[in-house]
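A short worksheet on the structure shown next.
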Amino acid sequence: MRTAWADGPEFVTQCPIRPEGSYTYRFTIEGQEGTLWWHAHSSWLRATVYGALVIYPKKDSSYPFTKPNRDTPILLGEWWDTNPIDVENRAARTGAAPAISDAFTINGQPGDLYNCSSKGTVIVPVDSGETNLLRVVNSGLNQQLFFTVANHKMTVVATDASYIKPFTTTIIMLGPGQTTDVLITADQTPARYYIAARAYASGQGAPFDNTTTTAILEYKSAPCPAKIGSSTPPVSPSLPAYNDTAAATTFTTTLRSPSKVDVPTDIDENLFFTIGLGLNPCPPGNICQGPNGTRFAASMNNVSFVLPSNFSLLQAYRQGISRVFTTDFPAFPQLQFDYTGNVSRALWTPATGTKVYKLKYGSKVQLVLQGTSIQTAENHPVHLHGYDFYILAEGFGNFNRKTDTSKFNLIDPPMRNTVGVPVKGWTVIRFVADNPGIWYMHCHLDVHLKWGLAMAFLVEDGIGELQSLEPPPADLPQC
1 MRTAWADGPE FVTQCPIRPE GSYTYRFTIE GQEGTLWWHA HSSWLRATVY GALVIYPKKD
61 SSYPFTKPNR DTPILLGEWW DTNPIDVENR AARTGAAPAI SDAFTINGQP GDLYNCSSKG
121 TVIVPVDSGE TNLLRVVNSG LNQQLFFTVA NHKMTVVATD ASYIKPFTTT IIMLGPGQTT
181 DVLITADQTP ARYYIAARAY ASGQGAPFDN TTTTAILEYK SAPCPAKIGS STPPVSPSLP
241 AYNDTAAATT FTTTLRSPSK VDVPTDIDEN LFFTIGLGLN PCPPGNICQG PNGTRFAASM
301 NNVSFVLPSN FSLLQAYRQG ISRVFTTDFP AFPQLQFDYT GNVSRALWTP ATGTKVYKLK
361 YGSKVQLVLQ GTSIQTAENH PVHLHGYDFY ILAEGFGNFN RKTDTSKFNL IDPPMRNTVG
421 VPVKGWTVIR FVADNPGIWY MHCHLDVHLK WGLAMAFLVE DGIGELQSLE PPPADLPQC
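The sequence shown begins at 1 in UniProt numbering and counts up by one.
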């Protein structure tokens, strides 16, 4: 709280850290336990610059479940057989979609279903009868992922560093930026079992990495691989089809808070944001490789977000620097249409701008995130910096304010910081704007972020020091 200078996205809360420079991030964690993660927020550097951030219970307190025998971070990632920055830059030049990854990884290793990678496969050791905590993080750039452990059930206990009402499943789904903590009990025949992840790809006709990454859950009492024969593979898992939206929806709609929570009511800001892709005309004299010679774009409420380049938004706000951004981001679409139907081509080209939406300190905010079928529809993992929020409901088609409010869970909705907006669907979140600063909200598919699927909230200071943003640190990077 009050430490927006340590949030990290370049040109939003800070300027980039210069080569051979440094910046110490100082921030306060309040009310969170479980697993978060840290990562680069400059171009596609987070393809390799990321790690787990584990928040244990306070001293003299404990987990709301039996303490596991051990816990293991499982970081899912994406890997290109080339410099990912070159992949990003090539797409920026041509306006086309970037090349898909060549592999997924678990803790940096693709696993032995890929050529030439079996020697680096990650081993997770277990003892028969023990219960272990797996802290699963989707650190990938551009892909939602299904995750499973062969022949083992998982009890989901937390998401995005918030505890949930435990439930048992064989499949979890994570969008980039999401974390899920699961308990597994080593109750199977001592052997070697695949831990596996593969794509959930909801965009019709969109190319994706259709490979499977693996690690190995290895019982310590299992026969040595050399004794049973190196050709004997671990037990294989069953994963959903890449386009199994029903499986993804079953998982996300089962999430609940452990007990009744204080959901914000008496809403001050009732917002409605459309999200989706689009196409821009090719500038004169250029050769563009998007559909029919265009360039891919993306937007919220038909505004494709453009980052500043000389100052960060937060720096400009606190120092009163003009003409860096405007505060006229629309609270709702300026033109209503059949968002998930056949959208007129006249609506495919978004406007551009560096626009933020201003919130008074303490405002109670309800936000409908409405997916669109412009160009192509798909599931969008939307992340809000600086806040956790309650997910009241999700559904398919166009959100209907008259009928869909009856679906709201106002008793025990889950709390997260990243929500998947269903393909051709919507989701509704609520939060209280009690953390001053400028906070980026964006699709966590980095390909879409680069195309402009983002905006920012400017949360004003409240009354007194404890409701105000701290002064900028002395080592804040300069542009």
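A virtual CB, placed ideally from N, CA and C, is assigned to each residue, including glycine.
Inter-residue CB distance, Y242 and T214 (contact presumed, cutoff 8 Å)
Their Cβ separation, rounded to whole angstroms, is 16 Å, which puts Y242 and T214 out of contact at 8 Å.
What would DSSP say about G371, mapped onto helix, strand or coil?
strand
Coil, strand or helix - P166 by DSSP
strand
Tell me the residue span of the alpha helix (DSSP H) that contains L141.
Premise fails: L141 is in no alpha helix (DSSP H) and is neither H nor E.
Out of G95, F325 and K360, which has the shortest C-alpha to C-alpha gap to Q289?
G95
For my contact list, V12 and A298 are in at a C-beta cut-off of 8 Å; report their separation, rounded to the angstrom.
That belief does not hold up - the Cβ atoms of V12 and A298 are roughly 17 Å apart, past 8 Å.
In terms of alpha-carbon separation, which member of N409, V124, N210 and E378 lies closest to I184?
V124
Hey, would you say L217 sits closer than 8 Å to L174, going by beta carbons?
no
E465 and L359: beta carbons closer than 8 Å?
no
Y440 beta carbon less than 8 Å from that of P9:
yes
I'd like the ranges of any alpha helix (DSSP H) spanning at least 4 consecutive residues and lying wholly in the region 297-367.
313-319
I'd like the span of the alpha helix (DSSP H) that includes N89, first residue to last.
P84 to T94
With DSSP run on the structure shown, which of helix, strand or coil describes F251?
helix
In chain order, what residues of the same chain lie with their CB nearer than 6 Å to the CB of G397, ignoring the 5 residues before and after it?
T340
Out of curiosity, what's the CA-to-CA distance linking N292 and P422?
27 Å
When burial is assigned at 16 or more other CB atoms within 10 Å of the CB, is C224 buried or exposed?
exposed
Just tell me which of N107, D127, Q14 and N342 has its CA closest to the CA of G120.
N107
Is I100 buried or exposed, if buried means 16 or more other CB atoms sit within 10 Å of its CB?
buried
Taking DSSP as the reference, what is the three-state secondary structure of N292?
helix
Can you tell me where the alpha helix (DSSP H) with H448 in it begins and where it stops?
D446 to W451
Considering just the uninterrupted stretch of the beta strand (DSSP E) at D181, what are its terminal residues?
T179 to T185
If I measure Cβ to Cβ from L53 and keep anything under 8 Å in the same chain, skipping five residues before and after, which residues do I get?
T35, L36, W37 and W38
Is there contact between the region 150-167 and the region 403-419, where contact requires at least three CB pairs shorter than 8 Å?
yes
Beta-carbon spacing of Y387, F431 below 8 Å:
yes
Start and end of the beta strand (DSSP E) containing E130?
Per DSSP, E130 belongs to no beta strand (DSSP E) and is neither H nor E.
Neighbourhood of V49 by C-beta distance below 7 Å, restricted to the same chain and skipping five residues each side
H39 and A40
So M441 is in the beta strand (DSSP E); what residue range does that whole segment cover?
G437 to C443
If you run the structure through DSSP and keep just helix, strand and coil, what is E378?
coil
Could you round the C-beta distance between T155 and I171 to whole angstroms and report it? I think they count as a contact, below 8 Å.
Rounded, the Cβ-Cβ distance is 13 Å, inconsistent with contact.
Taking 8 Å as the cut-off, decide whether the C-beta atoms of T3 and T28 are in contact.
yes
What did DSSP end up calling R405 once you bin it into helix, strand or coil?
Residue identity differs from the one stated: residue 405 is Thr in this sequence, not Arg. T405: helix per DSSP, three-state reduction.
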